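First the structure, in the form of structure tokens, and then the observations on it.
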Amino acid sequence: MTEDDRLIGEDDLDGFIDGQLSERRAGEVARYLAANPQVAARVEQDRAARDDLRQRLAFIAEQPIPSRLRVAAIQARRRAVWMGRLRVAAACAGLVIAGGASGWEAHAYLEPPAVPQMRGLPVATADAISAHRVYSMETIHAVEVAAAQEAHLVQWLSRRIGQKLTVPDLNPQGFALMGGRLLPTGSASAAQFMYENRTGQRLTLYVRANAGDDTEFRFAQTGDIGAFSWNEEGLGFAMVGSISREALLGLAETVWRQLDPARPVPKPSL
Amino acid sequence: MLDFSIELEPHIPALRRFAWAMVRDSQAADDLVQDCLEKAISRWHTRRQDADARSWLFTILRNLFLNGVRQQARRGRHLGIEALDDVASPDGGGERVVIAKDALAALDGLTEEHRALLLLIGVEELSYQQAADVFGLPIGTIMSRLSRARAQLRRAIESDERVPLRRVK
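Quick note, the sequences are listed as chains A and B, same order.
For the first sequence, the numbering used here assigns the number 1 to the initial residue and increments by one for each residue that follows.
For the second sequence, the numbering used here assigns the number 1 to the initial residue and increments by one for each residue that follows.
Set out below in structure tokens:
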């Protein structure tokens with residue numbers, strides 16, 4: 001007994017609490033604790049603290065797995081990124097029908113975004129999120145030019161951006177075009193197209209001239225507003241909305257697919 | 001073909017629990033777990049064949065957490081275990097609500113390393129060897145730090161006030 005006492009160390013006590021001792025060693029520790037009530041009380045305290053932690057944290061492990069953490073959802077997103085790289089490699093044209101990008105230099109990383117919690121985001125994405133935050137709240141003046149004048153809207157914004165644009169069709173996804181507006185971005189201009197579904201949920205597609213060669217499909221989130229952004233053929237895009245990441249990804253992919261060179265370009269005359 | 005959902009999904013509840021306990025914000029915790037799963041899928045082939053998936057996932061998750069902490073630390077500020085303490089308790093803010101005998105609240109006063117150790121071993125039931133893998137430390141070092149972490153937690157629970165955080169200038 002006394003020999004065993006001498007041999008017991010802190011590591012044995014921890015191993016005892018954590019059930020990581022051999023049966024024999026655990027028996028020796030138990031005997032030691034029986035003879036040393038003060039140490040036993042301490043071990044009991046440690047065990048109680050551990051049980052308290054387990055009990056307080058149990059609820060998280062009992063929750064169903066959020067769908068965005070499903071491996072299938074993560075893999076779908078990875079595929080989208082991979083497809084995006086392929087697509088850029090293929091140097092497609094979609095929204096961008098005619099060139100004329102001269103003089104539109106990289107604005108994307110020139111200045112830090114104004115909103116502090118968006119630090120670290122490319123300016124284009126930060127601008128897109130800010131613009132969404134401001135204008136998607138508007139009930140009467142959400143857009144400058146309504147969808148009823150779509151042809152005029154597109155011509156006007158194309159002229160100001162410096163490249164010809166078409167508006168992606170998100171009707172099959174339940175989002176109808178409301179219209180669009182012109183926005184400042186640094187010393188240049190950007191376009192915002194706004195969509196709304198039947199429940200009043202709004203999405204914006206932000207487009208600006210951009211010479212960034214970062215072709216990744218990126219997700220950013222500030223507060224409850226998420227944005228998928230990417231660059232393509234001299235234009236920077238951001239799909240912005242307060243919807244789930246999966247839903248937003250689906251919509252961004254739809255926009256993207258409409259840029260796919262393998263598909264006929266919908267309205268080349270615009 | 002490898003089915004990642006079979007390999008990874010059984011670990012998700014534990015990863016979420018650990019992430020939440022570290023950051024105390026559901027959204028931020030699930031962001032960490034999502035990043036962790038993305039990394040795990042993209043780096044699966046680089047994993048040592050004999051390596052244990054569970055400790056490997058917790059290693060990625062903890063490194064992502066530490067990266068996030070470092071990114072939040074202002075430039076020029078001292079970085080290290082102490083600096084991590086500032087970010088250690090997201091619910092802290094200005095007011096610290098003291099709940100006596102509450103192990104979870106008491107945990108906030110400990111260093112990142114002590115918190116992670118107590119959670120991984122006490123709650124996630126990692127073996128000492130698995131914990132040594134996660135921290136990249138010898139098992140003996142893990143054992144002595146675990147003893148210290150438990151002592152810290154005991155003290156924090158016993159005292160009516162939470163252990164004040166050391167601020168690093």
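C-beta: ideal position from N, C-alpha, C; glycine also.
Predicted model, so just to flag it, every value in this text is computed and none were measured.
Looking at the DSSP output, A/Trp230 bridges to A/Phe237.
In summary, the residues of the region 7-34 of chain B whose CB is separated from some CB of chain A by less than 7 Å are Leu8, Glu9, Ile12, Pro13, Ala14, Arg16, Arg17, Trp20, Ala21, Asp30, Val33 and Gln34, in the order they occur in the chain. Cβ-Cβ separation between A/Pro168 and A/Gln258: approximately 5 Å, consistent with a contact (criterion under 8 Å). Taking a Cβ-Cβ cut-off of 9 Å, A/Arg79 has no neighbours in chain B, whose nearest Cβ is about 11 Å from it. Under the Cβ distance rule, B/Ile157 counts among the residues neighbouring chain A, one pair being separated by less than 8 Å. Close to chain B, meaning a Cβ-Cβ distance shorter than 7 Å, are the following residues of the region 48-65 of chain A: Ala49, Arg50, Asp52, Leu53, Arg54, Arg56, Leu57, Ile60, Ala61 and Ile65. In this structure, the straight-line span from the alpha carbon of A/Val255 to that of B/Ser147 is close to 55 Å. With distances taken between CA atoms, A/Ala128 lies nearest to A/Val240 out of A/Gly15, A/Ser244 and A/Val240. Secondary structure at A/Ser189: strand, using DSSP grouped into helix, strand and coil. At least one C-beta of chain B is nearer than 8 Å to the C-beta of A/Leu69. Using a Cβ-Cβ cut-off of 9 Å, A/Gln20 is close to Ile121, Ser127 and Tyr128 of chain B, given in chain order.
In this model, B/Leu32 and B/Met143 are separated by some 27 Å (Cα to Cα). Look at A/Ile225 here: in three-state DSSP terms it is strand. Secondary structure at A/Arg202: strand, using DSSP grouped into helix, strand and coil. In this structure, the beta-carbon distance from A/Gly236 to A/Ser229 falls below 8 Å.
Note on geometry: alpha-carbon atoms of B/Leu64 and B/Ala14 lie some 16 Å from one another. Per DSSP, reduced to three states, the secondary structure at A/Gly180 is strand. Taking 4 residues as the shortest admissible run, the region 121-169 of chain A contains the following complete alpha helix (DSSP H) segments, listed from N- to C-terminal end: 123-135 and 150-161. A/Gln192 is positioned such that its CB atom lies no closer than 8 Å to that of A/Leu203.
Looking at the DSSP output, A/Ala209 sits in a beta bridge with A/Leu235. Residue pairing from DSSP leaves B/Met143 without any beta-bridge partner. Annotated three-state conformation of A/Phe59 is helix, per DSSP. Secondary structure at A/Phe175: coil, using DSSP grouped into helix, strand and coil. Taking the Cα of B/Ala156 as reference, the smallest distance to any Cα among B/Trp44, B/Ala116, B/Gln129 and B/Leu110 is reached at B/Leu110. When the five nearest sequence neighbours on each side are left out, the beta carbons in the same chain lying within less than 8 Å of the beta carbon of A/Ile8 are those of Glu28, Val29 and Tyr32, in order along the chain.
Residue range Ser26 to Ser42 is occupied by the alpha helix (DSSP H) that includes B/Ala29.
Note on geometry: alpha-carbon atoms of B/Lys39 and B/Ala132 lie some 21 Å from one another. Between B/Phe135 and the set B/Arg24, B/Leu57 and B/Ser42, the nearest pair of CA atoms involves B/Leu57. Within 7 Å of the CB of B/Ser55, no CB atom of chain A is found; the nearest one sits about 14 Å away. Within 10 angstroms of the beta-carbon of B/Ser159 lie fewer than 16 other beta-carbons, which makes it exposed. In the three-state DSSP reduction, A/Glu196 falls in the strand class (E or B).
Within a 10 Å sphere around the beta-carbon of A/Arg198 sit fewer than 16 other beta-carbons, which makes this residue exposed. Listed along chain A, no residue sits closer than 8 Å to B/Arg48 by beta-carbon distance, the nearest being about 21 Å off. Between A/Ala227 and A/Glu196, the gap from beta carbon to beta carbon reaches 8 Å or more. Just measuring C-alpha positions, the residue of B/Glu113, B/Asn67, B/Met22 and B/Asp35 sitting nearest A/Gln75 is B/Asp35. Cβ neighbours of B/Ile60 within its own chain (closer than 7 Å, five residues either side excluded): Cys36, Lys39 and Ala40.
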